[in-house]
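Counting from 480, one number per residue, gives the positions in the sequence shown under this note's numbering.
A short write-up of the structure that comes next.
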Amino acid sequence: MKYTTQIDIDLPLKKVIAIFEDSSKLSCWQRGLQSTKLIYGKNGEVGAKRKLKINLEGQRITMFETIVDKKLPHYWHGLYTGKGFTSIQKNYFNEIEQGKTHWKCESEFKFTGFMVLISKILPEIFKKRSNAVMKDFKAFAEQI
């Protein structure tokens with residue numbers, strides 16, 4: 480499954496990236512995030528891997544995030560793995576006008592086991608979650 484989500488944020492690119500990169504602020508815009516723990520590498524660097532625990536509408540999910548490529552402020556790509564899924568998230572950032580940033584995310588999911596069925600029955604939940612994360616980031620970033 481592949482899809483693209485995007486949003487405009489009323490902040491300069493430099494400030495958007497500073498907030499995006501600040502792991503101490505993840506729980507402020509990652510709905511349901513309960514904990515994050517660096518398990519390999521240096522925080523924020525390519526190759527770094529962290530364990531994320533998320534409460535997603537009553538379901539407790541553990542996943543792992545690996546930074547696979549980054550050249551900020553232009554892009555940040557992450558690999559997410561969990562029970563029944565693998566996902567690549569390619570995030571692109573561009574300053575579209577003075578003090579305004581465009582964030583585009585290209586998402587690709589591969590499913591196994593029970594998650595194959597979920598992806599067929601409820602494919603919209605994945606894009607809905609991605610949109611919610613972007614809207615939450617925008618709301619948080621613009622109010623601090």
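Glycine residues also receive a C-beta, built at the ideal position from the N, C-alpha and C atoms.
Same chain, Cβ closer than 7 Å to residue i, five either side skipped, listed in chain order
| i | result |
| --- | --- |
| residue 560 | 542 and 543 |
| residue 512 | 505, 506, 531 and 533 |
| residue 590 | 563, 564 and 598 |
| residue 616 | 508 |
Closest Cα partner of residue i within the set the options
| i | options | result |
| --- | --- | --- |
| residue 570 | 612, 513 and 517 | 612 |
| residue 555 | 619, 577, 526 and 540 | 526 |
| residue 539 | 592, 514 and 588 | 514 |
| residue 481 | 593, 615, 573 and 605 | 605 |
| residue 584 | 572, 578 and 577 | 572 |
| residue 500 | 551, 567, 547 and 603 | 551 |
| residue 535 | 484, 495, 607 and 580 | 607 |
| residue 553 | 575, 502 and 537 | 575 |
| residue 521 | 547, 588 and 496 | 547 |
Contacts around residue i, its chain only, beta-carbon distance under 8 Å, and the 5 residues preceding and following it disregarded
| i | result |
| --- | --- |
| residue 518 | 528, 529, 530 and 543 |
| residue 621 | 488, 489 and 490 |
| residue 593 | 563 |
Strand pairing of residue i, partner residues [DSSP]
| i | result |
| --- | --- |
| residue 581 | 487 and 573 |
| residue 567 | 558 and 587 |
| residue 598 | Answer is none; residue 598 lacks a bridge partner. |
| residue 514 | 532 |
| residue 481 | 587 |
Residues near residue i by beta carbon distance below 6 Å, same chain, minus five either side
| i | result |
| --- | --- |
| residue 545 | 528 and 558 |
Start-end ranges of the beta strand (DSSP E) lying completely within the stretch 524-553, minimum 3 residues: Counting only runs of 3 or more, we get 528-535 and 538-550.
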